[in-house]
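J.: First residue of the sequence shown: 1, per UniProt numbering; consecutive thereafter.
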Amino acid sequence: MKWKNWLWHLVAWLGFWGALILSRGREGAEWPLILSSLACFVVVSTVLSYVNYLCLERFLDRQRYGAYFLRMVPFFFLSNLVLGLSLAYAREEKLEFWGLLPTLFINWLLSTGTYFFQSGIRRQRQLQDARARQLEAEMQLLKMQIQPHFLFNALNNLYATNLQDPSKANEMILQLADLLRYQLEISKRAKVALAEEITLTEHFIELEKIRLYDAVVEVEKRGNFEHLQITPLLFLPLVENAFKHSAGIGPQRIHVCFEVEGERLSFVCQNSIATKPSPKTSNQLGLQNVRQRLLADYPQRHQLDIEHTPEKYHLTLTLQLEIR
1 MKWKNWLWHL VAWLGFWGAL ILSRGREGAE WPLILSSLAC FVVVSTVLSY
51 VNYLCLERFL DRQRYGAYFL RMVPFFFLSN LVLGLSLAYA REEKLEFWGL
101 LPTLFINWLL STGTYFFQSG IRRQRQLQDA RARQLEAEMQ LLKMQIQPHF
151 LFNALNNLYA TNLQDPSKAN EMILQLADLL RYQLEISKRA KVALAEEITL
201 TEHFIELEKI RLYDAVVEVE KRGNFEHLQI TPLLFLPLVE NAFKHSAGIG
251 PQRIHVCFEV EGERLSFVCQ NSIATKPSPK TSNQLGLQNV RQRLLADYPQ
301 RHQLDIEHTP EKYHLTLTLQ LEIR
């Protein structure tokens, strides 16, 4: 806020002026003369500093270096002349012109250095804000990719089920409607309760079990999930891939486990590989999406391991989560 900037300026100037007064004060010093001299210096140096600051902001940021120096050099010597005349009048001495230049030059250096320091901080904040906005836009895009991808696969499964067993298809439609409503609610938030994310995953598993009634699906939950939060829609693509990898001729077994220890979550998803896999294979969009979101939301705080053999597909995701 602007008033905070002005407050910092006031504190800095008070400290600067106080240091000048203390440096000039000594036993037997002529305080009226000292204070009048310092008043002249303070007024001129303050005006010089802010004029320099304004010229830097107006010309140097636009790379108009010539315009900056054409204004500052004359003003610098004018300030030096005004200060020399003021001090000569206050002290009743002769005009001292060249001897004051080093003092004003130091003042100019300090104001210029302050300007570049504040500009650097401001630019750094702008870069951070821009990166945050870009990351947020990318995350929203990744979330938007999940929903059409999931819906496309769900409708394909629904169509296939309807050809074989229309009664099951009707049940799947109701389950899918609830799942999509729930998914839309939590996808609008940056973070959701871990318990909600697990509930969404369980709803999807129940939907798949309607279609694959002979599949053996086990879901385990260990630990306390209520106090943690997580990025939404992380587990759904992984479990969806498990059902795809196990689809085909042969026994279908899927094991899903959520385990929490403190703030550390371990998610395991293992599925059997069918002896004759279904021709509809995964395009890996869901897994790629999850990888990108993990890198964005959990840098240095996640580990994703995948073991793929002819008999099984085993995925382990470890996350360091945040407390709600």
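Ideal Cβ positions, reconstructed from N, Cα and C, are used throughout, including at glycine.
For clarity, every value in this text was computed on a predicted model and none was experimentally measured.
Measure the C-alpha to C-alpha separation of I273 and V219 and round it to an integer number of angstroms.
T.: One-based indexing of the sequence shown puts residue 273 at position 273. One-based indexing of the sequence shown puts residue 219 at position 219. Those two C-alpha atoms are separated by around 18 Å.
J.: May I have the straight-line CA-CA distance separating V192 from L163, to the nearest angstrom?
T.: The count along the sequence shown starts at 1 and reaches residue 192 at position 192. The count along the sequence shown starts at 1 and reaches residue 163 at position 163. Approximately 37 Å between the Cα atoms of the pair.
J.: Using alpha carbons as the reference points, say which of T316, V82, F116 lies closest to V44.
T.: One-based indexing of the sequence shown puts residue 44 at position 44. Closest option to V44, Cα to Cα, is V82.
J.: Should R211 be labelled buried (16 or more other beta-carbon atoms within 10 Å of its own) or exposed?
T.: Locating residue 211 in the sequence shown gives position 211, counting from the first residue. With 16 or more Cβ atoms within 10 Å of its Cβ, R211 is classed as buried.
J.: Tell me the rounded alpha-carbon separation between D297 and V290.
T.: As a working mapping, residue 297 is identified with position 297 in the sequence shown. As a working mapping, residue 290 is identified with position 290 in the sequence shown. Going by the C-alpha atoms only, they are around 10 Å apart.
J.: Have a look at W31 and L48 and give me their C-alpha separation to the nearest angstrom.
T.: In the sequence shown, residue 31 corresponds to position 31, counting from 1. In the sequence shown, residue 48 corresponds to position 48, counting from 1. Here W31 scores only 49 on pLDDT, less than 50, and its place in the model is too uncertain to base an answer on.
J.: Just mark T231 as buried or exposed, buried being the case when its beta carbon has 16 or more other beta carbons within 10 Å.
T.: Within the sequence shown, the letter at position 231 stands for residue 231. Classification of T231: buried, given that the 10 Å Cβ count is 16 or more.
J.: To the nearest angstrom, how far is the alpha carbon of C55 from that of R62?
T.: The residue labelled residue 55 in the question sits at position 55 within the sequence shown. The residue labelled residue 62 in the question sits at position 62 within the sequence shown. Going by the C-alpha atoms only, they are around 11 Å apart.
J.: Take the Cβ of L321 as the centre, count every other Cβ of all protein chains shown within 10 Å, and call the residue buried at 16 or more, exposed below.
T.: The count along the sequence shown starts at 1 and reaches residue 321 at position 321. Buried is the call here.
J.: On the three-state DSSP scale, how would you describe Y313?
T.: Translated into the one-based positions of the sequence shown, residue 313 becomes position 313. Y313 falls in the strand class under three-state DSSP.
J.: Please list, in chain order, all residues of the same chain as K209 whose beta carbon is under 8 Å from its beta carbon, the five residues on each side excluded.
T.: Taking the first residue of the sequence shown as 1, we reach residue 209 at position 209. Closer than 8 Å at the Cβ level, and outside the excluded window around K209, lie A215, V217.
J.: Under DSSP, the beta strand (DSSP E) around R264 begins and ends at which residues?
T.: Counting from 1 along the sequence shown, the entry for residue 264 is found at position 264. Segment 264–272, the beta strand (DSSP E) holding R264.
J.: Report the partner residues of V217 according to the DSSP bridge assignment.
T.: Taking the first residue of the sequence shown as position 1, residue 217 is located at position 217. The partner list for V217 (beta bridge, DSSP) reads I254.
J.: Given a cut-off of 9 Å, decide if S266 and Y313 are closer than it, judged by their beta-carbon atoms.
T.: Looking up residue 313 in the sequence shown gives position 313. Looking up residue 266 in the sequence shown gives position 266. No; because the gap between Cβ atoms is not below 9 Å, this pair is not in contact.
J.: If you draw a straight line from the C-alpha of H308 to the C-alpha of Q270, how long is it?
T.: One-based indexing of the sequence shown puts residue 308 at position 308. One-based indexing of the sequence shown puts residue 270 at position 270. So the two alpha carbons sit approximately 10 Å from each other.
J.: What is the C-beta distance between F225 and L194, in whole angstroms, given that I count them as a contact (C-beta under 8 Å)?
T.: Residue numbering aside, residue 225 sits at position 225 when the sequence shown is read from its first letter. Residue numbering aside, residue 194 sits at position 194 when the sequence shown is read from its first letter. The Cβ separation is near 5 Å, so the contact holds.
J.: So, under 8 Å CB-CB, E263 and L228 are touching, yes? Tell me the CB distance rounded to an integer number of Å.
T.: Along the sequence shown, read from residue 1 onward, the residue named residue 263 stands at position 263. Along the sequence shown, read from residue 1 onward, the residue named residue 228 stands at position 228. Right, their Cβ atoms sit about 7 Å apart.
J.: Ordered along the chain, which non-local residues of its own chain (more than five positions away) have a Cβ less than 7 Å from that of R324?
T.: In the sequence shown, the residue the question calls residue 324 occupies position 324. Excluding residues within five positions, the ones whose Cβ falls inside 7 Å are A193, H227, L228, Q229.
J.: Looking only at C-alpha atoms, which of T112, Y159, L184 sits nearest to I173?
T.: Numbered from its first residue, the sequence shown carries residue 173 at position 173. When each option's Cα is compared against that of I173, the closest is Y159.
J.: Are the CB atoms of V268 and L317 within a distance shorter than 9 Å?
T.: The residue labelled residue 317 in the question sits at position 317 within the sequence shown. The residue labelled residue 268 in the question sits at position 268 within the sequence shown. Result yes, Cβ atoms of L317 and V268 sit closer than 9 Å.
J.: Please list the terminal residues of the continuous alpha helix (DSSP H) segment that includes E197.
T.: In the sequence shown, counting from the first residue as 1, residue 197 sits at position 197. Taken as a continuous stretch (DSSP letters only), the alpha helix (DSSP H) holding E197 covers 194–211.
J.: On the criterion of 16 or more Cβ atoms from any shown chain inside 10 Å, does R293 qualify as buried, or is it exposed?
T.: Here the question's residue 293 lines up with position 293 in the sequence shown. R293 is buried by the Cβ-count criterion.
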